[in-house]
Amino acid sequence: MASTPAQALAMCGWTTWVENMKKLNGRHPLYDERRFKLLRQADDVITRGVRDTVTLISVRHPLVRLVSAFRNKFLNGRPVEKVGGYLRMAIQVLQLPADRNYISFSEFLVHVISTRRHADRHWSTYRQLCSPCYFHYDYIALLETYTEDMQYLAQELGIPIDPEARRNAKSVPGEDESAAAFRYYRNVTLPIRRQIVDIFKEDMEMFDYKLPDDFWLSDDDEVSLVS
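Take the sequence shown: its position 129, counted from the start at 1, is 168 in the working numbering, and no numbers get skipped.
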């Protein structure tokens, strides 16, 4: 980074972080020659380099992150004209008919469960991606409190991070983003929900994320309680 040797491991809010890093360094962080130079070194040199910088991990609730991945990579379950990339792989893994041009959220979760040992980085666990038990991160930024966290970091590190520069926010104005995301799970069967929670429970424990009180309820359960 330009003014402070901070490394942002932005597993969440990636587009936002890219915009901030471009402002700081004048280039996209993935194509920064300094990054390529570091990654060409031996593993122990890379590890020392990371440990000698100010390190930051950006996280959000793991189950909300799954909803975001589904919305972004699978177009929120909408049919597509041309099947490719993420959707083609999911259809193959799920052994769906070759002419399928969409997957549901429940099917996406089954895909996540089926590929958990070689998960895509967009829905892999933080433990697999960022080794939070191995590296000591100086700062943890939560997407749920993004503006407040960025204001603090801008002041603490003395760098011009824009606290209002959040991009790709999918929530409706006035609506709680996490509450909206958890509604996706209402029509998911309990066995699938249990397996998903089991995969991501360490992530939730590490960053003190909880499940909503009504997470294990289904729409049918809610109707029964009301009636």
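In this text, a Cβ means the ideal position worked out from N, Cα and C, and glycines have one as well.
Reduced DSSP category for residue i - H, G, I as helix; E, B as strand; rest coil
i	result
Val98	strand
Val103	helix
Ser145	helix
Val93	strand
Lys249	coil
Glu120	coil
Leu69	helix
Asp82	helix
Leu256	coil
Asp242	helix
Phe109	helix
Gln46	Residue confidence for Gln46 is low, a pLDDT of 42 falling below 50, so the modelled location carries little weight; the figure read from the coordinates is stated next. Here Gln46 sits in strand by DSSP.
Asn140	coil
Where the alpha helix (DSSP H) containing residue i begins and where it ends
i	result
Glu131	Position check: residue 131 holds Gln in this sequence, whereas Glu was assumed. Element bounds for Gln131: 124 to 133.
Phe75	72 to 78
Contact set for residue i: own chain, Cβ-Cβ below 7 Å, skip 5 residues either direction
i	result
Val132	His150, Ser153, Thr154
Ile200	Asn59, Met189, Leu192, Ala193
Arg117	Tyr141
Ile85	Leu77, Leu78
Residues of its chain near residue i, where Cβ-Cβ distance is below 6 Å and the 5 sequence neighbours each way are ignored
i	result
Val119	Asn140
Arg166	Glu241
Phe246	Val98
Pro251	Phe221
Thr228	none
Lys62	none
Pro68	Met60
Nonlocal neighbours in the same chain, by C-beta distance under 8 Å from residue i, ignoring five residues either side
i	result
Ser210	Summary for Ser210: the model assigns pLDDT 48, below 50, so the residue's position carries little reliability; its value from the coordinates is reported in the next sentence. Glu216, Ala219.
Arg156	none
Gly213	For Gly213, the predicted structure reports a pLDDT of 48, less than 50, and the residue's modelled location is therefore unreliable. A value from the coordinates is still provided. Cβ within range, chain order: n/a, list empty.
Ser263	No answer about Ser263 holds up, because its pLDDT of 41 lies below 50 and its placement is not dependable.
Asn158	In the sequence on display, residue 158 carries Ala and not Asn. If we look at Ala158 and ignore the five residues flanking it on each side, its Cβ neighbours are Val151, Thr164, Gln167.
Residue i: CB within 6 Å of a non-hydrogen atom of the ligand ADP
i	result
Phe113	In the structure shown, the ligand ADP is absent, as is every other ligand, since no ligand is present at all.
Residue-chain proximity (residue i, chain C), Cβ-Cβ < 7 Å
i	result
Asp252	Looking for chain C here will not work: only one protein chain is present.
For this session: Report the residue ranges of all alpha helix (DSSP H) runs contained in full by the segment 150 to 238; include only those spanning at least 4 residues, in chain order.
Result: If one requires a minimum length of 4 residues, the alpha helix (DSSP H) runs lying completely within the segment 150 to 238 are 165 to 169, 185 to 196, 216 to 221, in chain order.
Exercise. Is there contact here, the segment 172 to 183 with the segment 89 to 107, by at least three beta-carbon pairs under 8 Å?
Worked result: Taking 8 Å as the limit for Cβ pairs, the verdict is that the segment 89 to 107 does touch the segment 172 to 183.
Exercise. Per the contact definition of three or more C-beta pairs closer than 8 Å, is the segment 64 to 72 in contact with the segment 101 to 116?
Worked result: These segments do not touch.
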